[in-house]
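Residue 542 is where the sequence shown starts when you use the working numbering, and the numbers rise one by one after that.
Notes follow once the structure below has been shown.
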Amino acid sequence: MTGFDLVFQARRLVTAAGEAAGSVGVTGGRIAAVEPPDARLEGRRVVELGDDVVLLPGLVDSHVHVNEPGRTEWEGFATATRAAAAGGVTTIIDMPLNSIPPTTDVAALEVKRKSAEGQCVVDVGFWGGAVPGNLGELRALHDAGVFGVKCFLLHSGVDEFPPLHPADLDAYLATLRGFGGLLIVHAEDARAIDRAPSPHGRRYLDFLASRPRTAENLAIAQVIEAARATGGRAHILHLSSSDALPMLAGARREGVRITAETCPHYLALCAEEIPDGATQFKCCPPVREAANRELLWQGLADGTVDGVVSDHSPCPPELKRLEVGDFGLAWGGISSLEIGLPVVWTEARRRGFTLADVVRWMAEGPARLLGLERKGQIAVGYDADLCVFAPDERFVVDPAQLHHRHPITPYGGRPEEGVVRSTWLRGRELTGDEPRGRLLTRGEA
Ligand SMILES: [Zn+2]
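Rendered as structure tokens:
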């Protein structure tokens, strides 16, 4: 076999079959061959990888808040996609809120696409929004290429993106079902949160008490019930309460079309270790106890949780109110887009998981959720989106070295294992700020 544009000779390579040695041939930006190492693929350029690195598919992060336009000072397409590239993430999907306008109709989607155009270092797709009164916009958003629509069941944090009432879930899911659409849900129940103590002060455990598991459990039960009743497809975002795992597993056994994701922070951090006043750890739903964390790992192991995505949600430092450390005043959101892979890998290997597991959670799973048929795997016909990862190399997270807009992250100072040596998009190494990322449309990528 001759004539590939590019060949990787990898001592270690993760495919759907697991980790093995192999050669990958790339032509026209796509993977054209995956062969055993003795196949001697020939290419115009050959990259020999040593046994200290593993060739992985580029990660797919389906949960990123870019915030541009409108709150570009929080984060933007250029900075977010640079952070993604540095972290081995080759596809991100942008959330419909925090930008202005929110992506709740086609005109707003076009505004977003225009502002992203020419800025993206990796591929970027978009979620739409489901808010009161926009039921009639969902079909048009779907046809315009969003990957699904997001709703909240309590105040979203920004007034221009109001929540649905749980009683509205049936109508939204039934409408989406009519054209094969997907509803993704921030599942915390407004009434349960209202009845909990209000968040205030510097103590993390007071903040935790303000976002109880019951609020999450109740909201997830309502989403499951609506998905069951309508036959619509729903996805639970950023699962934090492990109490909901048996409910999700049971619903799936019964054929309810429901999936769930969790995030690096729920798998790596725990409430017992969060210092008081450390509002860089604030997010909603919150990071819970260590015992809860271990059950989330079990949920990944048994397949109840489908994927791990960042929920990267930055804001300017002043909104984190670090100087007063008040969890009631601080904006909720964790920045981790660039370091999700080492954070998850460090914790995963400690628990006996492999890089193939991590790839299943951080690349294949999200790609399946999105219906991205050419992303998330090293296999013939897929885009040559790749990550060269040194799994044993150690580093300490320095927020100032990260590429997202503001140098804030709860992982600052943490020792981690695993360094991204290089990231490749459609067979080209991402070396700088060249905006070669494409804007993705559902069904076409
Ligand atoms: Zn989010």
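Quick reminder that beta carbons are idealized off the backbone N, C-alpha and C, glycines included.
Distance between beta carbons of residue 886 and residue 849, contact taken as under 8 Å: Working through the sequence shown from its first residue, we reach residue 849 at position 308. Working through the sequence shown from its first residue, we reach residue 886 at position 345. 11 Å between Cβ atoms; not a contact.
Residue range of the alpha helix (DSSP H) that includes residue 693: Taking the sequence shown and counting its residues from 1, the one referred to as residue 693 is at position 152. First-last for residue 693: 690-693, but that is the beta strand (DSSP E), not the alpha helix (DSSP H).
Assigned exposure category for residue 831 - 16 Cβ within 10 Å defines buried: Along the sequence shown, one-based indexing puts residue 831 at 290. Flag for residue 831 reads exposed.
Contact check, residue 599 vs residue 927, beta carbons under 9 Å: On the sequence shown, position 58 is the one that residue 599 refers to. On the sequence shown, position 386 is the one that residue 927 refers to. In contact: residue 599 and residue 927 (Cβ atoms closer than 9 Å).
Candidates 564, 612, 950, 727, of which the one nearest residue 589 by Cα: Counted from its first residue, the sequence shown places residue 589 at position 48. Out of 564, 612, 950, 727, 564 has the C-alpha closest to the C-alpha of residue 589.
Assigned secondary structure, residue 882 (DSSP; H/G/I helix, E/B strand, else coil): Position 341 of the sequence shown, counting from 1, holds the residue named residue 882. Reduced to three states, the DSSP call for residue 882 is helix.
C-beta contact flag for residue 560 and residue 897 at 9 Å: The residue you call residue 560 lines up with position 19 of the sequence shown. The residue you call residue 897 lines up with position 356 of the sequence shown. Taking 9 Å as the Cβ cut-off, residue 560 and residue 897 qualify as a contacting pair.
Three-pair Cβ contact test at 8 Å for the segment 818-834 versus the segment 786-795: no
Euclidean distance between Cα positions of residue 672 and residue 735: Along the sequence shown, read from residue 1 onward, the residue named residue 672 stands at position 131. Along the sequence shown, read from residue 1 onward, the residue named residue 735 stands at position 194. Cα to Cα, residue 672 sits roughly 20 Å from residue 735.
Under 9 Å between C-beta atoms of residue 717 and residue 689: Taking the first residue of the sequence shown as position 1, residue 717 is located at position 176. Taking the first residue of the sequence shown as position 1, residue 689 is located at position 148. Yes, Cβ-Cβ distance for residue 717 and residue 689 is below 9 Å.
Under the three-state DSSP convention, the category residue 747 falls into: The count along the sequence shown starts at 1 and reaches residue 747 at position 206. Three-state result, residue 747: helix.
Any non-hydrogen atom of ligand 1 within 8 Å of residue 636 CB: Position 95 of the sequence shown, counted from the start, is the residue given in the question as residue 636. Answer for residue 636: yes, Cβ within range of ligand 1.
Pair within 9 Å by beta-carbon distance, residue 803 and residue 759: The sequence position of residue 803 within the sequence shown is 262, counting from 1. The sequence position of residue 759 within the sequence shown is 218, counting from 1. No; because the gap between Cβ atoms is not below 9 Å, this pair is not in contact.
The beta strand (DSSP E) enclosing residue 775, as first and last residue numbers: Taking the sequence shown and counting its residues from 1, one reaches residue 775 at position 234. From DSSP, the beta strand (DSSP E) with residue 775 extends over 774-777.
In chain order, each alpha helix (DSSP H) run of at least 4 residues that lies wholly inside the segment 652-701: 679-684
Beta-carbon proximity check, residue 770 vs residue 798, cutoff 9 Å: One-based indexing of the sequence shown puts residue 770 at position 229. One-based indexing of the sequence shown puts residue 798 at position 257. Against a cut-off of 9 Å, the Cβ pair of residue 798 and residue 770 comes out as no contact.
Within 9 Å, strictly: CB atoms of residue 740 and residue 894: Counting from 1 along the sequence shown, the entry for residue 740 is found at position 199. Counting from 1 along the sequence shown, the entry for residue 894 is found at position 353. Not closer than 9 Å, so no.
Cβ shell of residue 970 (< 6 Å), same chain only, five flanking positions each side left out: As a first step, residue 970 is located in the sequence shown; it is residue number 429 there, counting from the start. For residue 970, where only same-chain residues beyond five positions count, the Cβ hits under 6 Å are 963.
6 Å Cβ shell around residue 955 - same chain, five flanking residues per side excluded: For the purposes of this step, residue 955 is taken as the residue at position 414 of the sequence shown. For residue 955, where only same-chain residues beyond five positions count, the Cβ hits under 6 Å are 938.
Simplified DSSP assignment, three categories, for residue 999: There is no way to answer for residue 999, as the model of the chain reaches only from 542 to 986.
Heavy atom of ligand 1 within 8 Å of residue 854 beta-carbon: Sequence index remark: in the sequence shown, residue 854 carries index 313 (1-based). Flag set: Cβ of residue 854 near ligand 1.
Stretch pair the segment 692-701 + the segment 649-668: three plus CB contacts closer than 8 Å: no
Rounded C-alpha distance that separates residue 826 from residue 934: Looking up residue 826 in the sequence shown gives position 285. Looking up residue 934 in the sequence shown gives position 393. Whole-angstrom Cα-Cα distance: 32 Å.
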